[in-house]
Amino acid sequence: MSATPHLANPPAHYENFPVASWLCPPHLRPPIAAIYHFARTADDIADEGEALPDQRLADLRAYREELAAAAQGEVLPSSRWPRVFGPLAHSIAQHKLPEDLLADLLSAFMQDIEKTRDHGTYADRAELLDYCRRSANPVGRLLLHLYGVHDAQALAQSDAICSALQLINFWQDPSVDLPRGRFYFPLTDCDRRSLTRENFKVFAPLSPAPPPQEAINLIAVVSYWARELMTEGAPLVHRLPGRAGWELRLVVQGGLRILDKIVDLGFDTFSQRPTVGKADAPLLLWKAMRMRRQSRPMKAAPPR
16 MSATPHLANP PAHYENFPVA SWLCPPHLRP PIAAIYHFAR TADDIADEGE ALPDQRLADL
76 RAYREELAAA AQGEVLPSSR WPRVFGPLAH SIAQHKLPED LLADLLSAFM QDIEKTRDHG
136 TYADRAELLD YCRRSANPVG RLLLHLYGVH DAQALAQSDA ICSALQLINF WQDPSVDLPR
196 GRFYFPLTDC DRRSLTRENF KVFAPLSPAP PPQEAINLIA VVSYWARELM TEGAPLVHRL
256 PGRAGWELRL VVQGGLRILD KIVDLGFDTF SQRPTVGKAD APLLLWKAMR MRRQSRPMKA
316 APPR
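Be aware that the sequence shown starts at 16, since it is given in the numbering used here, and climbs by one per residue.
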């Protein structure tokens, strides 16, 4: 029996997905909600509860089989997640959603399980970006597909925004990820600062040992990298019409706001986790309204 049968109606907290808010065009809310529930449920299978890694992987393989059926317009009679794949099958048929983008999300979830189980690491930024290509970029590409935007420049800008959001989540969350055995810092960046994975165990949350300056500098450097990516993708907001463009403006500004808070913390996200809340809403809206057709200046110079 599955360890995760209760996840067919998932909670709304999938961090890589701009949810179907009032800014979203009303006719696109059902397919966006269907994609969101598909991704959220897969994320919960991979991450929530007490199931062992092998059980999680088996559940995700079963989930992948149900996706293949949904892509053919079917919901398996024995479906364990009918409330996910019923709406998703309808949305795939109605909007011709690419199955491979949805499958890429599952590939990333499975990689996360395997990396954590095997104490795996990411050799360099290219390997981490390949993870982002599957964990985050499909979300943006699916939304562009729904908006009818398919040109290469828009896809590249969307990829930059989504990868930036994924990286921001990593650099926001070491106090959460490290105790759970997840290590997303590229080893090449660690090597330049004479840091190894073992070093990070010393200043885990609740440890009396403060993070060394080398680790603080690491957060600064990778945060700057994420900001560069976000700046690279930000011009996409001017190419999406109406509500879609405003939704994306707020997503971009939300990511940049987290990066600003990381700067304000002196780049010590090992001790504190920066978040964006309701109090930030007026500032985000103001900045979204003032976005120009130019790159946003960096708040902090890249550390050496």
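Cβ coordinates follow ideal geometry from the N, Cα and C atoms, glycine included.
Pro20 versus Tyr199: straight-line alpha-carbon distance, rounded | Taking the sequence shown and counting its residues from 1, one reaches residue 20 at position 5. Taking the sequence shown and counting its residues from 1, one reaches residue 199 at position 184. Bear in mind that the predicted position of Pro20 carries a pLDDT of just 33, short of 50, making it too unreliable to give a figure here.
Residues near Arg149 in its chain [Cβ-Cβ closer than 6 Å; skip 5 each side] | Here residue 149 refers to the residue found at position 134 of the sequence shown. Listed in chain order, the non-local C-beta contacts of Arg149 below 6 Å within the same chain comprise Asp119, Ser122, Ala123, local neighbours out to five positions each way being set aside.
From Pro289 to Leu193, what distance separates their C-alpha atoms?
-> For the purposes of this step, residue 289 is identified with residue 274 of the sequence shown, where counting begins at 1. For the purposes of this step, residue 193 is identified with residue 178 of the sequence shown, where counting begins at 1. As the crow flies, the alpha-carbon of Pro289 is around 16 Å from that of Leu193.
Glu229 to Gly101, Cα distance in whole Å?
-> Along the sequence shown, one-based indexing puts residue 229 at 214. Along the sequence shown, one-based indexing puts residue 101 at 86. If I take the Cα positions, the gap works out to 50 Å.
For Ser106, collect the residues of the same chain with a Cβ closer than 8 Å to its Cβ; drop the 5 residues on either side in sequence, then sort them by chain order.
-> Numbered from 1 along the sequence shown, position 91 holds the residue referred to as residue 106. Within its own chain, the residues whose Cβ lies closer than 8 Å to the Cβ of Ser106, once the five positions on either side in sequence are excluded, are Pro45, Pro46, Ala49, Ile50, Leu112, listed in chain order.
Is there contact between the region 279–289 and the region 183–192, where contact requires at least three CB pairs shorter than 8 Å?
-> For the pair of segments examined, the region 279–289 was found to touch the region 183–192: the number of CB pairs separated by less than 8 Å reaches three.
Rank Gly248, Ala151, Ala138, Asp145 by C-alpha distance to the C-alpha of Gln168 and give the top, closest one.
-> By one-based count along the sequence shown, residue 168 stands at place 153. For the options Gly248, Ala151, Ala138, Asp145, the alpha carbon positioned closest to that of Gln168 is the one of Gly248.
In chain order, each alpha helix (DSSP H) run of at least 4 residues that lies wholly inside the region 38–96 | Whole alpha helix (DSSP H) segments, 4+ residues: 44–62, 68–86.
Can you list the alpha helix (DSSP H) stretches of 4 or more residues lying completely in the region 243–287, in chain order?
-> Counting only runs of at least 4 residues, the region 243–287 fully encloses the following alpha helix (DSSP H) elements, listed from N- to C-terminal order: 257–279.
Between the region 172–181 and the region 245–262, are three or more C-beta pairs nearer than 8 Å?
-> Output reads yes: the region 245–262 touches the region 172–181.
Close-in-space but distant-in-sequence residues of the same chain around Ala104 (CB under 6 Å, 5 per side omitted) | Residue 104 sits at position 89 when you count from the first residue of the sequence shown. Within the same chain, Ala104 has close Cβ partners Ala85, Gly88, Val90.
Is it right to say Ser209 is buried, meaning 16 or more other beta carbons lie within 10 angstroms of its own, or is it exposed?
-> Indexing the sequence shown from 1 puts residue 209 at position 194. In the assembly as shown, Ser209 is an exposed residue. Its beta-carbon has fewer than 16 other beta-carbons within 10 Å.
Does Pro289 have its Cβ less than 8 Å from a Cβ in chain B?
-> Looking at the structure shown, chain B is missing, and only one protein chain is on hand.
Tell me which same chain residues have a C-beta within less than 8 Å of the C-beta of Leu5, skipping the five on either side of it?
-> Absent from the model: residue 5. The displayed extent of the chain is 16 to 319, so no value can be given.
Inter-residue spacing [alpha-carbon to alpha-carbon] between Ala303 and Arg254 | Along the sequence shown, one-based indexing puts residue 303 at 288. Along the sequence shown, one-based indexing puts residue 254 at 239. Between the alpha carbons of Ala303 and Arg254 lies a distance of about 14 Å.
Label Trp301 either buried or exposed according to how many other C-beta atoms from any shown protein chain fall within 10 Å of its C-beta, with 16 as the threshold for buried.
-> Within the sequence shown, the letter at position 286 stands for residue 301. By the beta-carbon neighbour count (other beta carbons within 10 angstroms, threshold 16), Trp301 is exposed.
Nearest neighbour of His52, chosen from Arg71, Trp96, Gly64, Cys39 [CA to CA] | Walking along the sequence shown from the start, residue 52 turns up at place 37. With respect to the C-alpha of His52, the residue from Arg71, Trp96, Gly64, Cys39 having the closest C-alpha is Trp96.
Roughly how many whole angstroms lie between the Cα atoms of Leu159 and Cys39?
-> On the sequence shown, position 144 is the one that residue 159 refers to. On the sequence shown, position 24 is the one that residue 39 refers to. Near 12 Å, if we compare the C-alpha coordinates of Cys39 and Leu159.
Taking the alpha-carbon positions, what's the Tyr146 to Gln126 distance?
-> The residue you call residue 146 lines up with position 131 of the sequence shown. The residue you call residue 126 lines up with position 111 of the sequence shown. Their Cα atoms are separated by approximately 8 Å.
Beta carbon of Asp204, beta carbon of Leu233: below 8 Å?
-> For the purposes of this step, residue 204 is identified with residue 189 of the sequence shown, where counting begins at 1. For the purposes of this step, residue 233 is identified with residue 218 of the sequence shown, where counting begins at 1. Cβ distance < 8 Å, so Asp204 and Leu233 count as in contact.
Evaluate Leu67 with the Cβ neighbour count: other Cβ atoms within 10 Å of its Cβ, from every protein chain shown; 16 or more gives buried, anything less gives exposed.
-> Here residue 67 corresponds to residue number 52 of the sequence shown, with the count starting at 1. Here Leu67 is exposed, its C-beta having fewer than 16 other C-beta atoms within 10 Å.
DSSP state of Gly155 mapped onto helix, strand, coil = For the purposes of this step, residue 155 is taken as residue 140 along the sequence shown, with counting starting at 1. Under the three-state reduction of DSSP, Gly155 is assigned to helix.
Ends of the alpha helix (DSSP H) at Asp119?
-> The residue labelled residue 119 in the question sits at position 104 within the sequence shown. 114–132 is the span of the alpha helix (DSSP H), which, as asked, contains Asp119.
What distance in whole Å lies between the Cβ atoms of Leu75 and Ile60, which are believed to be in contact at a cut-off of 8 Å?
-> Against the sequence shown, residue 60 aligns to sequence position 45. Against the sequence shown, residue 75 aligns to sequence position 60. About 6 Å; that satisfies the 8 Å criterion.
Could you tell me which of Ala57, Leu117, Arg98, Tyr162 sits nearest to Asn152, measuring between CA atoms?
-> Start at 1 with the first residue of the sequence shown, and residue 152 comes out as number 137. Minimum Cα-Cα distance from Asn152 among the listed residues Ala57, Leu117, Arg98, Tyr162 corresponds to Leu117.
Where Ala57 and Tyr78 are concerned, what is the direct C-alpha to C-alpha distance, given to the nearest angstrom?
-> The count along the sequence shown starts at 1 and reaches residue 57 at position 42. The count along the sequence shown starts at 1 and reaches residue 78 at position 63. So the two alpha carbons sit approximately 8 Å from each other.
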